[in-house]
Amino acid sequence: MTTKISIQQVGKVFGEGHRRVEALKDVSLDIADNEFVTFVGASGCGKSTLLRIIGGLEYHTAGEVLVDDRPIMGPGADRAMVFQHYSLYPWLKVMENIKFSRRLRHGRENLSEADVEAASGRADALLALMGLTPAAEAWPNQLSGGMQQRVAIARALMGRPQILLMDEPFGALDAQTREVMHDLILHVHRLEKPTLAFVTHDVEEAIYLADRVVLMAPRPGRIDTIYQVPLPAEREQDMKHTPEFLHLKKEILARIRETSGMKTDQGMLDQLNMEGSV
Amino acid sequence: MQTRPGTRPRRARPKSGRPGMWAIRGPLSRRQYWMFAALGLLVPLGLWWIVSSGAAVDKVFLPGPVDVFKRLVTWYTEDDLLSDMGISIYRVTTGFLFSAVIALPLALMIGTFRPVQAVLEPLTDFIRYMPAVAFIPLVMLWVGIEESSKISIIFIGTFFQMVLMMAEDVRRVPLAQIEAAQTMGAQKGETINLVIFQAAKPALLDTLRVTMGWAWTYLVVAELVAANSGLGYSILKAQRFLQTDKIFVGIILIGLIGLVMDQLFRLAHRKAFPWLHLRS
Ligand SMILES: Nc1ncnc2c1ncn2[C@@H]1O[C@H](COP(=O)(O)OP(=O)(O)O)[C@@H](O)[C@H]1O
Ligand SMILES: [Mg+2]
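Here you go:
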């Protein structure tokens, strides 16, 4: 397997003086071409920051990030990003949102009729893939949260990015919708073959989707443990109840608790319960 | 044990579960809305009528609705009301348009580039607190007493507020929308034109609507400057001749024109941004 993204001793410091935050310290990770990697960890451990650095939206203050052996220079169409929310363009209908990236290129290159038609075909295909065909002419604010995220994913895929970066994309969705989205994103991953880096706070989601789960720890943000997911490549919802799955989930949850630096104070809980029962 | 709805003991309930119009943020049908709106207009009118027709009240002090209406008619037939309205509307719109045309690109730059913000915002904030009226002597000195001086005053009165409010509108564009464009390969100019400006448009139009109202308040001030026509000028002149009814006509007309313009802005908002007006 060839390495797609190579993160080498990356550090990131925000602010100066007493405002100084070491969001990332000495983070190294190689992500293979077409690999699906998920990132979990206590909030504030630098997951978003790492993803944004890969996306070119933030610049690291130490180390190197290579994509295809070249250092990244700002954001680019090869690394599309899907955000948790508010990223769709409310003034564009669903179809126009998906075609947004085409509109950008249109001004720069002289596209032939055939190119325009091919783009149109791809937009239609993505629309169908995401189950959005009936919503093509709807405004984004007419759609449910789940549908909106489908549009965001379709829009990100439109430019055939080699890398798809997703920062808690399903964080605002209810549990049922999220399950549907999981199988959809796995399908997209098989079909379009992007390299996928996916941040989540849901450990079950992290295991179900990934080839590898990267657990990060805070203060300073760093990689704590990398777990290889012991499940077959083809995932099915039932696998969530297998002993291997449950065991890994338990292990990761325990480790997140350990690294987050917050202990549950049993004495305090007991006291609260006592007061509640009086 | 499972319970079915029918088997549950019935509790005493109010006659209808529907919240009435006096519930907090309760519903109001369209008909009820217009009924209340009419009430809100007719009650003050009626009170005005009653108070002004009292024997003890001098017409010079408080003219009645009928006097005011009669004055409106004579102003129209004898004093060329339309040209007074026309020139005032012209001054307000021109001053306002100048403001808008200069404020818009500035606000886009302030809201997009931090260095521009650092250079312009504190300065604008400072000037904004200087009373526009106090600029009149300067305007007369620099611009003269031509038409342009009145337009300048309206410009001074609206421009600085407009820039700051519009810059805020631009800054409120969600970062995710901007960054999504960047990760789709948008260049700087494309991001500004195709995302930031588009996303801020509805808020910008609202800001224009609000500042249009302020432009009208500065009209009277502007027409203090050696004007010899216009609604504001007529109000000031009427005061000199104790034509209280004419003052009333002028004030009411300015209010009505403002109301019409406000409604036009709202209409434009509905037409230009249909996705924001899907319900109702
Ligand atoms: N733009 C920023 N300016 C200052 N500090 C930031 C900024 N972005 C993130 N941080 C800090 O960096 C740390 C990591 O943040 P983040 O990457 O968002 O964590 P996560 O996504 O894992 O919750 C946090 O302490 C956060 O407060
Ligand atoms: Mg985050």
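In the order they appear, the protein sequences are chains F and R.
If you read the first sequence in my numbering, its first letter stands for residue 1, the second for the next number, and so on.
If you read the second sequence in my numbering, its first letter stands for residue 1001, the second for the next number, and so on.
Note that beta-carbon positions come from the ideal geometry of N, C-alpha and C, so glycine has one too.
All of these numbers come straight from a predicted model, not from anything done at the bench.
Q | Proximity of Gln149 (chain F) and Leu88 (chain F) at Cβ, strictly below 7 angstroms | A | no
Q.
What does the alpha-carbon distance come out to for the pair Trp1214 (chain R) and Ile1192 (chain R)?
A. 29 angstroms
Q) What's the gap between the Cα of Pro75 (chain F) and the Cα of Trp1216 (chain R)? A) 46 angstroms
Q) By how many angstroms is the C-alpha of Glu192 (chain F) removed from the C-alpha of Arg1209 (chain R)? A) 48 angstroms
(Q) Rounded to the nearest angstrom, what separates Lys1070 (chain R) and Gly1095 (chain R) at their Cα positions? (A) 32 angstroms
Q: Enumerate in chain order the residues of its own chain whose CB-to-CB distance from Leu1205 (chain R) is below 6 angstroms, with the five nearest sequence positions on each side excluded.
A: Excluding residues within five positions, the ones whose Cβ falls inside 6 angstroms are His1269.
Q: Considering only heavy atoms of ligand 1, list every residue whose Cβ is less than 5 angstroms from one of them, following chain order.
A: The filter returns F:Phe14, F:Val21, F:Ala23, F:Ser43, F:Gly44, F:Cys45, F:Gly46, F:Lys47, F:Ser48, F:Thr49, in chain order.
Q) Are the beta-carbon atoms of Thr259 (chain F) and Asp202 (chain F) separated by less than 7 angstroms? A) In this structure, Asp202 (chain F) does not lie closer than 7 angstroms to Thr259 (chain F) by Cβ.
Q) I think Asp167 (chain F) touches Val199 (chain F), with their Cβ atoms under 8 angstroms apart; what is that distance to the nearest whole Å? A) 5 angstroms
Q) Quick one: complete alpha helix (DSSP H) runs, 4+ long, within the region 1116–1177 of chain R? A) Complete alpha helix (DSSP H) runs here, min 4: 1136–1143, 1147–1171.
**Q.** the region 1136–1147 of chain R / the region 1164–1175 of chain R touching (three or more Cβ pairs under 8 angstroms)
**A.** no
Q: State yes or no: is the C-beta of Thr49 (chain F) within less than 7 angstroms of the C-beta of Leu24 (chain F)?
A: Yes, the pair counts as a contact, with Cβ atoms nearer than the cut-off.
Q: Could you list the residues in the region 222–239 of chain F with a C-beta less than 7 angstroms from some C-beta on chain R, going in chain order?
A: Listed by position, the residues of the region 222–239 of chain F near chain R (Cβ gap below 7 angstroms) amount to none.
Q) Interface residues of chain F around Met1184 (chain R) at Cβ under 7 angstroms? A) Neighbours of Met1184 (chain R) on chain F, chain order: Ala77, Ala80, Phe100, Ser101, Leu104, Gly159.
Q | Within the region 138–188 of chain F, ranges of the alpha helix (DSSP H) (whole runs, at least 4 residues) | A | 145–158
**Q.** Listed by chain order, chain R residues near Leu57 (chain F) by CB distance under 8 angstroms
**A.** Glu1179, Gln1182, Thr1183
Q: Tell me, please, which residues DSSP counts as bridged to Ser112 (chain F).
A: Looking at the DSSP assignment, Ser112 (chain F) forms no beta bridge with any residue, so it has no partner.
Q. How should Arg19 (chain F) be labelled, buried or exposed, when 16 other C-beta atoms within 10 angstroms of its C-beta is the threshold for buried?
A. exposed
(Q) How far does the beta strand (DSSP E) with Gln228 (chain F) in it extend, from its first residue to its last? (A) 222–228
Q: Would you mind working out which of R:Gln1239, R:Ser1234, R:Met1165 sits nearest Thr1211 (chain R), comparing C-alpha positions?
A: R:Met1165
(Q) So, for Met1261 (chain R): in the same chain, excluding its five sequence neighbours on each side, which residues have a beta-carbon less than 7 angstroms away from its beta-carbon? (A) Met1212.
Q. What residues in its chain sit with their C-beta under 7 angstroms from that of Gly1258 (chain R), if we drop five residues either side in the sequence?
A. Hits under 7 angstroms: Gly1213, Trp1216.
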